[in-house]
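**Q** There's a structure below that I have some questions on.
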Amino acid sequence: MQGLEDPRGAPLSTADPSNLEALERAHALALGFQGDPIAEIDRALARDPDFVMGWLFKAGMLTQAMETRIYEPMVAALEAAEALADKANERERGHMAAVRAWVEGDFTRACERWDRVLIDHPRDLLALQLAHLSDVLLGDVASQRDRVARVLPEWHEGVPGYGWVLGFYAFGLEENRDFGRAEEMGRRAVALNPKDAYAIHAVAHVHEMTGRQAGGIWWMTSRRDDWAAGNFANHLWWHLALFHLDVGEIDRVLEIYDERLRGGPGAEGKYQELDSAALLWRLWLYGHDLGVRWTELADKWAPAATDSLYAFNDVHAMMTFVADGRDDLAERVLTAAERHVRRGHDDNVAMTREVGLPFCRAQQAFAEGRYEEAVERLLPIRCQTQRLGGSHAQRDVIALTLIEAALRAGRYRLARALINERVALKPTSPQNWRLLGRARQGAGDQDGARKARARATSLFSQPLQNAPAE
Ligand SMILES: [Fe+2]
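Below you can see the structure in the form of structure tokens.
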């Protein structure tokens, strides 16, 4: 039986148009961070259990959850696809090999397998999406840009889904500090689809990295209706909160946390917990009283204390445990991570050994007032933190922890050097100048401290809410 092609020309073994329609609907939901793509494809699979690409879509999407509670459905979907290997086409077998590699913990080989599919089918939007998102999870910064660049010339506005590809490219360019082109690509994607949350997010990252807090607040709030109802909203609220945090609007940061991240509809799941921990830790570093928020969040993270599936999750779990004084849970994270490093064989071993464990131990030292130890644990890894995965903006929490530990340890000259580096990259950040003021003060440079504080105040006092976009 002749198989179908999707609207981009990627071949499927199924000949049933309703399967293709269901896959397109489910994929559109996933790309747009809307609804429940898995439930959508499950309905098609219940109707036709021989729908190979349906199983592969489900298994592929579940790889991105990075949670043990997702592991069994992911493996079951892959095995259902593999049982149909004889009916599958070569593209589908490529997806099978990729997800199989992922299940075996070889995330890098999974990306390479998806890339093989893309070499033959550069308009395979699913392979591109899964490999791109995996590049972010793995911290493969160059591939976040170049994997998209390899296929982009084969796309144009007439190909359905082109905007999503521009959004991927925008993020990849931004992470490689090509901010001008990143913003151009992101804005083009948003012009094609104002509800493209991933492209909105890429442009938010450009604002974050270039210290355009006022523009960032405007960018996010002026199109809030386009992103705030989707499944990416928690992370986008986190980004908005970062802009407010930088300029010192702590009440607004807490308002966003309490109203958007702390609880309520949609505030469930690992990604919400990651963003919540990342925001509270930044506030905590600067000495803000967070009340019972840590306790609530540590309770949510508690079941993950022995997961050690993904170092990026571990470090965020650890933040909540040490900040809330949950020593038993913190020890469990360390024990599980150490055991994983000794016995594991997957890509997460290196991520844990090189960045995850040192940062977890540094957090524990910091929380217990052993600031000098926290400094010494973080200094050797500060230039390799991309191995943890995530974005520059997310991993900045490591740099901020190191600086705060250095300040509290009285290592003012070290702190000054580290902050000088930040100010050079982002001179419009009031937060950077506030930190520099503290370091200079500690180092005995009273005049320099006064100037840094004055700079922070002058940047902070600029009107933000009504600032023009650019
Ligand atoms: Fe982000």
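The sequence shown begins at 0 in numbering that gives the first Met the number 0 and counts up by one.
Built from N, CA and C at the ideal position, the CB exists for glycine as well.
Would you call the CB atoms of L377 and A361 closer than 8 Å?
**A** yes
**Q** Across which residues does DSSP place P10 in a beta bridge pair?
**A** E4
**Q** Where does R338 land, buried or exposed, given buried means 16+ other C-beta within 10 angstroms?
**A** exposed
**Q** Given 7 Å as the limit, tell me if A392 has its C-beta closer than that to any heavy atom belonging to ligand 1.
**A** yes
**Q** Check whether the region 349 to 368 and the region 312 to 322 touch, using three or more Cβ-Cβ pairs below 8 Å as the test.
**A** yes
**Q** Are there any heavy atoms of ligand 1 lying less than 7 Å away from the beta-carbon of H243, as far as the coordinates show?
**A** Answer for H243: no, Cβ out of range of ligand 1.
**Q** Nearest-angstrom Cα distance between A201 and A181?
**A** 7 Å
**Q** Please return the same chain residues whose Cβ sits closer than 7 Å to the Cβ of A405, not counting the five positions on each side in sequence.
**A** The answer, listed in chain order, is V374, L413, A414, L417.
**Q** Are there any heavy atoms of ligand 1 lying less than 7 Å away from the beta-carbon of H315, as far as the coordinates show?
**A** no
**Q** Could you tell me whether the Cβ atoms of I255 and R222 are closer together than 8 Å?
**A** no
**Q** Which of the three DSSP states, helix, strand or coil, is assigned to N230?
**A** coil
**Q** Are there any heavy atoms of ligand 1 lying less than 7 Å away from the beta-carbon of H200, as far as the coordinates show?
**A** yes
**Q** Applying the 10 Å Cβ sphere with the 16-neighbour rule, what's the burial state of A455?
**A** buried
**Q** With hydrogens ignored, establish whether the beta-carbon of H234 is closer than 7 Å to any heavy atom of ligand 1.
**A** yes
**Q** If you compare alpha carbons, which of L244, D395, R292 is closest to Y285?
**A** Taking only the C-alpha atoms, the option nearest Y285 is L244.
**Q** Given T67, which residues of its chain have a CB within under 6 Å of its CB, disregarding the five upstream and five downstream residues?
**A** Taken in chain order, the residues that qualify are D306, L308.
**Q** Taking Cβ to Cβ, would you say L55 is nearer than 8 Å to V102?
**A** no
**Q** Do H234 and Y270 have their beta-carbon atoms positioned less than 8 Å apart in this structure?
**A** yes
**Q** So is Q143 buried or exposed if we call it buried at 16+ other beta carbons inside 10 Å?
**A** buried
**Q** Does at least one heavy atom of ligand 3 sit under 7 Å from the Cβ of H206?
**A** Looking at this structure, you won't find ligand 3 anywhere; what it does contain is ligand 1.
**Q** May I ask you to report which of helix, strand or coil DSSP gives S390?
**A** coil
**Q** Could you check what DSSP says for S457 in three-state terms: helix, strand or coil?
**A** helix
**Q** For ligand 1, I want to know if H238 counts as a neighbour, meaning its beta carbon is within less than 7 Å of at least one of the ligand's heavy atoms.
**A** Yes - ligand 1 has a heavy atom lying nearer than 7 Å to the Cβ of H238.
**Q** What is the residue span of the alpha helix (DSSP H) that I40 lies within?
**A** 36 to 46
**Q** Apply the 10 Å Cβ neighbour rule to E39 and answer buried if 16 or more other Cβ atoms are within range, or exposed otherwise.
**A** buried
**Q** Would you say L241 and A392 are within 8 Å of each other, going by their C-beta atoms?
**A** yes
**Q** From this set, A82, L172, G104, M65, which residue's C-alpha is nearest P48's C-alpha?
**A** A82
**Q** Determine the direct distance from the alpha carbon of A301 to that of D327, and round the result to whole angstroms.
**A** 10 Å
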